[in-house]
Amino acid sequence: MQMTRDNRSLGDLFGDLTRETSLLVRQEIALAKTELTQKGAKIGKDAGFIALGGALAYAGFLAILAALIIVLANFVPWWVSALGVGVVIAAIGYAFIQKGLNAIKQENIAPQRTIQTLKEDTEWAKEQIR
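Numbering (our numbering), first residue to last: 5 to 134.
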């Protein structure tokens, strides 16, 4: 392989490097957008299936509760049966809500890794200035 001498100036070479780097970054961003769009569409479709499954499961749960009320109505009046099942389900729901709220209150939502990286970058920049 024979080496040819490039007669361009250093400024021209840096200019070309800048243009090529910009083009590469734009192409990478376009690729990422395309990939994310495709994945987003698939995730959206899958989320629809999850929502439909959740709605059907909820309908089944309501049917089971209705059956429980009917069975209990054989032993106590209908209104007592419905009230009892409703109170138990509401208490269970309240317990889940409280558990979730307590977990959220204890969660530190600050992006710790990003904060640490920014601190390290600041220290590095200070060292470069000195």
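Glycine included, every Cβ here is placed at the ideal spot set by N, Cα and C.
Which whole-angstrom value is the C-beta distance of residue i and residue j, which I expect to be below 8 Å?
{"i": "serine 156", "j": "alanine 95", "result": "Because the chain spans 5 through 134 in this model, residue 156 falls outside it and cannot be assessed."}
Would you call the stretch 89 to 108 and the stretch 64 to 73 in contact, with 3 or more CB pairs under 8 Å?
-> yes
4 or more residues per run - each alpha helix (DSSP H) lying fully within the stretch 63 to 124 | As far as the stretch 63 to 124 is concerned, its whole alpha helix (DSSP H) runs of at least 4 residues are 82 to 110.
Jot down the residue ranges of each uninterrupted beta strand (DSSP E) in the stretch 20 to 59, minimum 3 residues, whole runs only, in chain order.
-> Complete beta strand (DSSP E) runs here, min 3: none at all.
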